[in-house]
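In this note's numbering, the protein residues as written are 223 to 333.
Worksheet for the structure shown next.
The following block contains the structure:
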């Protein structure tokens, strides 16, 4: 299983993607694109928001939104493309989430 990213809790996480069936870019205009995020045991963590960048060229990005509540460890996801009654999913890939040592907006409490 390929690792797509290593992030820390609270990071902004946007994954650039390209739809390339058969190895060549293709339009995503007629496709429904979804990607759920789960733990390795299948517990739901969230769903990416799909931002279409260039529909004709097949370019889009997956935006995680707030990751501060994501559990530490390996998460899994895939991308499902659906057009009408036809549907196909990519291989499953990993997102490795680490503990944020410096949280967002928190002052240092060192003495």
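C-beta: ideal position from N, C-alpha, C; glycine also.
Per DSSP, cross-strand counterpart(s) of residue i
{"i": "residue 310", "result": "303"}
{"i": "residue 241", "result": "Residue 241 is not bridged to any residue."}
{"i": "residue 298", "result": "260 and 316"}
{"i": "residue 271", "result": "285"}
{"i": "residue 254", "result": "304"}
{"i": "residue 276", "result": "281"}
{"i": "residue 227", "result": "317"}
Integer-rounded CB distance, given that residue j should sit under 8 angstroms from residue i
{"i": "residue 312", "j": "residue 301", "result": "5 angstroms"}
{"i": "residue 275", "j": "residue 269", "result": "That pair is no contact at about 19 angstroms."}
{"i": "residue 259", "j": "residue 277", "result": "Residue 259 to residue 277, Cβ: 24 angstroms. No contact."}
Beta-carbon proximity of residue i to residue j, cut-off 9 angstroms
{"i": "residue 279", "j": "residue 240", "result": "yes"}
{"i": "residue 272", "j": "residue 257", "result": "yes"}
{"i": "residue 232", "j": "residue 293", "result": "no"}
{"i": "residue 234", "j": "residue 309", "result": "no"}
{"i": "residue 281", "j": "residue 238", "result": "yes"}
{"i": "residue 254", "j": "residue 322", "result": "no"}
Near the ligand NAD: residue i beta-carbon under 8 angstroms from a heavy atom
{"i": "residue 237", "result": "Questions concerning the ligand NAD fall outside what the structure shown contains, since it holds no ligand whatsoever."}
Item checked: Inter-stretch contact at 8 angstroms, needing at least 3 Cβ pairs: the region 256-271 / the region 224-234 -> no
Next item on the list: Taking 8 angstroms as the threshold, find out whether the region 290-301 comes into contact with the region 311-330 through three or more Cβ pairs.
Entry: yes
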